[in-house]
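Q:
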Amino acid sequence: MAALGSIRKRGVILICIIGFGLFAFIAEEAFRSCESSRNNDRQQVGEVLGEKISVNDFQKLVDEYTDVIKMQQGTENIPEDQMNQVKDMVWNTYVQSKIVEKEAKKLGLTVTDEEMQNILDEGTNPMLLQTPFVNQQTGRFDAGALKKFLAEYKSNQTAQNPQMQEQYEKIYNYWTFIEKTLRQQTLAQKYQSLLSHCFLSNPVEAKMAFKEENEESQIQLAAYPYSTIPDSKIKIDESDMKSKYDEMKPRFKQAIESRDIKYIDVPVTASNADRNAIQKQFAGFQKALSVAADPTDLIHKSGSTVNYLGIPVGKDAFPTDIAAELDSMSVGSTSAVRHNVQDNTLNIVKLIAKQQLPDSIQFQAIQVGGATPDAAHKSADSIYNALKSGANFEVIAKKYGQTGQQTWLTTKQYEFSPSMDKDTKSYLLSLNTAPVNSLQNITLTQGSLIFKVLDRKGMEDKYTAAVIKRTIDFSQDTYRNVYNRFSSFVSANQKPDVLLKNAARSGYKVMDAKDITTSMHYVANIHSTRDALKWIFASDEGAESPLYECGDNNHLLVMVLTKIHHVGYRGLDDPQVRQMVKAEVIRDKKADMIMAKIKGVNSIAAAKAKGASVSPVSQITFAAPVFLPTVGAS
0 MAALGSIRKR
10 GVILICIIGF
20 GLFAFIAEEA
30 FRSCESSRNN
40 DRQQVGEVLG
50 EKISVNDFQK
60 LVDEYTDVIK
70 MQQGTENIPE
80 DQMNQVKDMV
90 WNTYVQSKIV
100 EKEAKKLGLT
110 VTDEEMQNIL
120 DEGTNPMLLQ
130 TPFVNQQTGR
140 FDAGALKKFL
150 AEYKSNQTAQ
160 NPQMQEQYEK
170 IYNYWTFIEK
180 TLRQQTLAQK
190 YQSLLSHCFL
200 SNPVEAKMAF
210 KEENEESQIQ
220 LAAYPYSTIP
230 DSKIKIDESD
240 MKSKYDEMKP
250 RFKQAIESRD
260 IKYIDVPVTA
270 SNADRNAIQK
280 QFAGFQKALS
290 VAADPTDLIH
300 KSGSTVNYLG
310 IPVGKDAFPT
320 DIAAELDSMS
330 VGSTSAVRHN
340 VQDNTLNIVK
350 LIAKQQLPDS
360 IQFQAIQVGG
370 ATPDAAHKSA
380 DSIYNALKSG
390 ANFEVIAKKY
400 GQTGQQTWLT
410 TKQYEFSPSM
420 DKDTKSYLLS
430 LNTAPVNSLQ
440 NITLTQGSLI
450 FKVLDRKGME
460 DKYTAAVIKR
470 TIDFSQDTYR
480 NVYNRFSSFV
490 SANQKPDVLL
500 KNAARSGYKV
510 MDAKDITTSM
520 HYVANIHSTR
530 DALKWIFASD
540 EGAESPLYEC
550 GDNNHLLVMV
560 LTKIHHVGYR
570 GLDDPQVRQM
580 VKAEVIRDKK
590 ADMIMAKIKG
600 VNSIAAAKAK
610 GASVSPVSQI
620 TFAAPVFLPT
630 VGAS
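Numbering (numbering that gives the first Met the number 0), first residue to last: 0 to 633.
(1) Taking only three categories from DSSP, how would you classify residue 222?
(2) In the DSSP output, which residue or residues are listed as bridge partners for residue 549?
(3) Just how far apart, CA to CA, sit residue 225 and residue 339?
(4) If I'm right that residue 448 touches residue 375 with Cβ under 8 Å, what's the distance once you round it to whole angstroms?
(5) Find out if the Cβ-Cβ distance for the pair residue 515, residue 230 is shorter than 9 Å.
(6) Between residue 35 and residue 528, what straight-line distance do the alpha-carbon atoms span, to the nearest angstrom?
(7) Helix, strand or coil for residue 350 per DSSP?
(8) Based on the DSSP secondary-structure assignment, which residues constitute the bridge partners of residue 615?
(9) Rounding to the nearest angstrom, what Cα-Cα distance links residue 587 and residue 625 in this structure?
(10) In three-state DSSP terms, what is residue 214?
(11) Between residue 522 and residue 558, is the Cβ-Cβ spacing less than 9 Å?
(12) Can you tell me whether residue 77 is helix, strand or coil according to DSSP?
(13) By the three-class DSSP mapping on this structure, what secondary structure does residue 404 have?
(14) Using C-beta distances below 6 Å, list every residue in its chain close to residue 29, excluding the 5 sequence neighbours before and after it, in chain order.
(15) Which first and last residues belong to the alpha helix (DSSP H) in which residue 540 is found?
(16) Does DSSP put residue 26 in a helix, a strand or coil?
(17) Where residue 392 and residue 438 are concerned, what is the direct C-alpha to C-alpha distance, given to the nearest angstrom?
(18) Which residues does DSSP pair with residue 364 in a beta bridge?
(19) The ligand PLP heavy atoms versus the CB of residue 121: any closer than 8 Å?
(20) Between the C-alpha atoms of residue 367 and residue 99, what's the straight-line distance to the nearest angstrom?
(21) Once the 5 residues before and after residue 525 are set aside, which same chain residues still bring their CB inside 6 Å of it?
(22) Starting from residue 423 and walking both ways along the alpha helix (DSSP H), at which residues does that stretch end?
(23) How would you call residue 334, buried or exposed, if buried means at least 16 neighbouring beta carbons within 10 angstroms?
(24) Starting from residue 394 and walking both ways along the alpha helix (DSSP H), at which residues does that stretch end?
(25) So which of 155, 119, 499 and 569 has the shortest CA-CA distance to residue 143?
(26) Go through its chain and collect everything with a Cβ distance to residue 145's Cβ below 8 Å, but skip five positions before and after it.
(27) By a C-beta neighbour count over all protein chains shown, 10 Å radius and 16 as the cutoff for buried, is residue 301 buried or exposed?
(28) How long is the line joining the alpha carbons of residue 506 and residue 485, rounded to whole angstroms?
(29) Grab the span of the alpha helix (DSSP H) containing residue 118 for me, first residue to last.
(30) Could you tell me the alpha carbon to alpha carbon distance between residue 271 and residue 346, rounded to whole angstroms?
(31) Out of 420, 197 and 409, which has the shortest C-alpha to C-alpha gap to residue 309?
(32) With a threshold of 8 Å, are at least 3 pairs of Cβ atoms found where one atom belongs to the region 454-469 and the other to the region 380-390?
(33) Taking the beta carbon of residue 504 as the centre, do at least 16 other beta carbons fall within 10 Å, making it buried, or is it exposed?
(34) Run through the DSSP bridge pairs and tell me what residue 462 is partnered with.
(35) Thinking C-alpha only, which one of 362, 605 and 593 is nearest residue 223?
(36) Identify whether residue 126 lies in helix, strand or coil by the three-state DSSP scheme.
Rendered as structure tokens:
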């Protein structure tokens, strides 16, 4: 009983403790729920017609398209600029396909499997020609080759060779993408075709359209340009601004959030010491290149951005500034060191040879191998003699497990190669210079190659030229000095207003970037600013950013977030809005002044007497508005 009495005395306290505990429990769950909701929002890329797409789902679409590009281009790495274009393209395609799907669903439009099969059987869709299932002889899509591949892919699911599995998987994923895109494309075409048939014409409309396009008029125009009244003569009240703002308000609707920043961008460039050092280095390169019998090693050591293949190539294989020099040089000569301001490079060119050679060559080839190189060479000699005696090329080729089919080779197929081995170089040189109907037997490192030239087309000048081209880069010391100086400035001015105020005094320029949105890839058109962009949308107004190293490792960036424009209507306090409204108010007041001035004017002569600028205007049609220089409008 004593215990119960004690509890009763402390009842209020116990109730408070229990209540607080329950509140804490509920608050914790509410916090977790809010946090979970925020995390879900962070995982959303966007929303189309009320349907949200997550980061993971969008990334899958990007990866899918990226793999297609890699396969088409034969590369493993995609530059940042191209990757951003891919993301934009994937998003735009996703939006368009969702819109078309919704509208098509309302109308009951679909793409059936039978329609898809008809498209494959016809094989005329351009997308099908981008697949590996193209008949090389006809140049058309081969539905049979696709069926064969799909059957092989299915049977190879349990194959032991991982490399073969990987290759099959890549091609299968590529085809899946093409098939999906074809289906989307076909649905869009069906919808557009149906929509186009909703527009009808009749003889009356056709006659009117013809008349509007072909019937011309000539007039005398009396104009009173607004520019004849100085802006200084216009008085504007705040009530005028508010009234005009209300009228124009729909134009200032903000559909998505955007942000404004002030920033300091410090580009790092080569110092005088850096330039002198590279000039000295290039003087040595120029001397060495002028006497080099084979410049391959020198070009490699110089770090030139232009590859040296040692074979004749077209002008297109060289940068435009180098290509412009080639015809003015004599064979065997080496240019002086030249500075190209446009791309900030130093350049040296040595023209080794200039020849008239075909752009396209048709040929047949048989590659001959053997247990040893000598055995291969003996077999090649035997084949060569048989062909010389009139043996059929394709029949001989089939005996060695090859087709010997006629093939076209164009200069574009090899002139942009990053490097070339000795055998390939020897083969291409022989192929370029061999006359039509000639038979060649080329000795390679591990065997021989026999080919017959059947045709040569597109004779053009080709050049064998060694080029040393290098950007005038800054040194690590230069970068370190620029970084340390700017870092010290940022550290000494940690308050945003102080940073912006003292920038000019320290030799830095403050710039504005307005209306930055999450759809942008760069800050102030500087590469590799993804982290800076994230900071902009994670910070509060008035915040100062950390120092970012960005660009191609040649920019230093610091920012101040000056304004957040939320979804809704921008107010009259916004400088951009105010400027637009003010311009409209001034225009309206000038119009009122001009209208009052010309009240009662009813002829060109009367208008001219009131100060109008009179000019003839001819060739006026309804279909093609005429630009009027007097008023600066159509």
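Don't be surprised by glycine CBs; every beta carbon is placed ideally from N, CA and C.
No experiment lies behind these values; they were computed from the predicted model shown.
A: According to the structure data:
(1) Strand.
(2) DSSP, once it has assigned bridges, lists 554 as partnering residue 549.
(3) Each residue's Cα considered, the two are about 47 Å apart.
(4) 10 Å between Cβ atoms; not a contact.
(5) Not closer than 9 Å, so no.
(6) For residue 35, the predicted model reports a pLDDT of 47, less than 50, meaning its position is unreliable; a value from the coordinates is still stated below. When the Cα atoms are used, residue 35 and residue 528 turn out to be separated by approximately 29 Å.
(7) Residue state for residue 350 is assigned as strand, using DSSP reduced to three classes.
(8) Beta-bridge pairing links residue 615 to 219.
(9) Distance between the alpha carbons of residue 587 and residue 625 is about 24 Å.
(10) Here residue 214 sits in coil by DSSP.
(11) A distance below 9 Å separates the beta carbons of residue 522 and residue 558.
(12) Three-state DSSP puts residue 77 in coil, outside helix and strand.
(13) In the structure shown, residue 404 adopts coil according to DSSP, grouped into three states.
(14) With a pLDDT of 46 at residue 29, under the threshold of 50, the modelled position of this residue cannot be trusted; read the value that follows with caution. Closer than 6 Å at the Cβ level, and outside the excluded window around residue 29, lies no residue.
(15) Membership of residue 540 in any alpha helix (DSSP H) is not indicated, and neither H nor E is assigned to it by DSSP.
(16) Reliability fails at residue 26, whose pLDDT of 48 lies under 50, so the model's placement of it is uncertain and the value that follows must be treated cautiously. Three-state DSSP puts residue 26 in a helix.
(17) Distance from the CA of residue 392 to the CA of residue 438, rounded to the nearest whole angstrom, comes to 11 Å.
(18) 450.
(19) In terms of ligand content, the structure shown is empty, and the ligand PLP therefore cannot be addressed.
(20) Each residue's Cα considered, the two are about 56 Å apart.
(21) Counting only Cβ-Cβ distances below 6 Å, and skipping sequence neighbours, we find 549, 550 and 554.
(22) Counting along the chain, the unbroken alpha helix (DSSP H) around residue 423 starts and ends at 421-432.
(23) When all chains shown are included, residue 334 counts as buried.
(24) Residue range 392-398 is occupied by the alpha helix (DSSP H) that includes residue 394.
(25) Here the closest residue by C-alpha is 119.
(26) Excluding positions up to five away in sequence, the list reads 119, 130, 132 and 174.
(27) Buried, since its Cβ has 16 or more Cβ neighbours within 10 Å.
(28) Distance between the alpha carbons of residue 506 and residue 485: 10 Å.
(29) Residue 118 -> alpha helix (DSSP H) spans 112-121.
(30) Those two C-alpha atoms are separated by around 18 Å.
(31) Per the C-alpha coordinates, the member of 420, 197 and 409 positioned closest to residue 309 is 420.
(32) With the cut-off at 8 Å, the region 454-469 and the region 380-390 do not touch.
(33) By the 16-neighbour rule on beta-carbons within 10 angstroms, residue 504 is exposed.
(34) Paired residues: 312 and 353.
(35) Comparing Cα positions, the closest option is 593.
(36) Looking at residue 126 - three-state DSSP - the assignment turns out to be helix.
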